[in-house]
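A.B. asks:
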Amino acid sequence: MASGSSLRRSVINRSLNRPNLLLGCEREWILMAGLVAFALIFSLKTVPSIIIGVVLWFISLFLLRKMGKADQLASKVYIRHIKQQKLYLPKSTPFRKM
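Be aware that the sequence shown starts at 1, since it is given in the UniProt record's numbering, and climbs by one per residue.
Take a look at the structure:
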């Protein structure tokens, strides 16, 4: 080995490692909220449904943006946590003292 560092360094671009956000929110959640608001507005076609759909869209946009600022992968982490709950039992080791 040479006297200096002989490890190979690779550059990872930020664009390849960044979460896929849309309007500052997780892509799947904002598309689902838009689909629900769009379906509510155009399926009933009444003034109250239009108002409720627009209000629902802006409230969901606000909440999903807050969630996106806090953690860009919050829903994926939560779903993985729920799926793997059976694997990680609430004890430290099988050899613990009772």
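Glycine is no exception: its CB is placed at the ideal position from the N, C-alpha and C atoms. These numbers come from a predicted model, not from an experiment.
So Ile12 is in the alpha helix (DSSP H); what residue range does that whole segment cover?
C.D. replies: Note, Ile12: premise wrong, no alpha helix (DSSP H); not H, not E.
A.B. asks: With a cut-off of 8 Å on the beta carbons, I'd call Ala37 and Leu56 a contact; round off their distance for me.
C.D. replies: 5 Å
A.B. asks: Given a cut-off of 8 Å on the beta-carbon distance, is the pair Gly53 and Ile41 in contact?
C.D. replies: yes
A.B. asks: How big is the Cα-Cα spacing for Met1 and Glu28?
C.D. replies: With a pLDDT of only 49 at Met1, under the threshold of 50, the placement of this residue in the model should not be trusted, and no figure is reported.
A.B. asks: Between the beta-carbon of Leu64 and the beta-carbon of Ile30, is there less than 8 Å?
C.D. replies: yes
A.B. asks: Classify Leu31 as helix, strand or coil using the three-state DSSP reduction.
C.D. replies: Leu31: helix per DSSP, three-state reduction.
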